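In what follows, a structure is listed as structure tokens, so that the remarks can point back to it.
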Ligand SMILES: NC(=O)c1ccc[n+]([C@@H]2O[C@H](COP(=O)([O-])OP(=O)(O)OC[C@H]3O[C@@H](n4cnc5c(N)ncnc54)[C@H](OP(=O)(O)O)[C@@H]3O)[C@@H](O)[C@H]2O)c1
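Residue numbers (my numbering): 18 to 243.
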């Protein structure tokens with residue numbers, strides 16, 4: 018099995034890569050700088066292959082799809098993990114829309130563009146899965162205000178999950194959103210749970226059996242309200 022993880026140089030993406038490698042998979046360890054990808058892959062060891070991928074860059078995205086096709090011969094699992102701007106400092110009523118736009122570029126359009134680029138490879142896979150790493154902050158059901166850029170971008174990502182799941186169901190591509198919970202990373206800060214626990218639910222969605230769910234939103238393998 019071949020997986021690609023975005024933002025795999027630190028935090029949850031790095032740990033997801035480690036856990037997938039533990040299953041004997043080949044993992045494309047991507048990061049927005051070549052050096053960060055190389056260092057991360059070196060830390061992870063055998064089976065980890067570094068690639069530069071800034072998810073905001075159409076050129077990087079195309080290059081990654083090309084490398085997957087020509088050097089690795091396919092892709093089974095895409096983990097859209099990279100994200101920015103947990104904007105606890107602002108509220109929707111006064112939000113800086115440039116900040117919102119920047120968050121959308123990385124948290125929504127990046128994953129969307131990447132799925133489109135690798136879709137022929139996923140369609141050709143025998144066990145294709147897409148995991149969109151989301152957040153309860155993107156749940157419309159629980160939304161009351163605060164962290165507007167982050168929350169709106171994750172709500173958009175959840176909508177993308179629903180649409181892709183519907184459109185790709187017939188091709189056997191399982192597409193789900195997963196919230197890792199509050200995790201002690203650079204984004205989550207101290208006090209969150211260990212990164213291995215946050216990553217486990219993402220790995221679960223990456224390794225679903227063929228009759229597993231699609232178009233769902235999960236935390237620790239349990240459904241979350243949209
Ligand atoms: N931590 C939590 O409590 C928590 C809770 C709910 C959801 N999540 C979600 O879990 C995922 C991982 O979060 P985390 O806590 O591991 O965050 P993190 O520690 O801040 O790591 C974010 C990762 O995304 C990468 N990244 C940012 N912009 C990128 C871009 N344009 N292209 C490629 N990579 C980019 C970062 O790379 P650089 O090193 O280059 O910046 C880094 O590797 C995110 O989707 C986040 O929203 C986290």
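Glycine is no exception: its CB is placed at the ideal position from the N, C-alpha and C atoms. Since this is a predicted model, take the numbers as computed values, not measurements.
Within the model, the alpha-carbon separation for residue 72 versus residue 23 is close to 8 Å.
Nearest in C-alpha terms to residue 188, of all of 131, 139, 75, is 139.
Secondary structure of residue 68 (DSSP, three-state): strand. By a beta-carbon distance limit of 8 Å, residue 195 contacts residue 148. Their separation comes to about 6 Å. The region 59-66 makes no contact with the region 122-135: fewer than 3 CB pairs, one atom from each, lie closer than 8 Å. The three-state secondary structure of residue 74, taken from DSSP, is coil. Distance check between residue 44 and each of 51, 53, 50, 34 places 34 closest, using alpha-carbon atoms only.
In this model, residue 175 and residue 70 are separated by some 22 Å (Cα to Cα).
Within the model, the alpha-carbon separation for residue 168 versus residue 157 is close to 9 Å.
Remark: the shortest separation between the CB of residue 27 and any heavy atom of ligand 1 falls under 7 Å.
Nearest to residue 48 by alpha-carbon distance, out of 197, 68, 36, 32, is 68.
Set against 7 Å, the gap from the CB of residue 150 to the closest heavy atom of ligand 1 is smaller.
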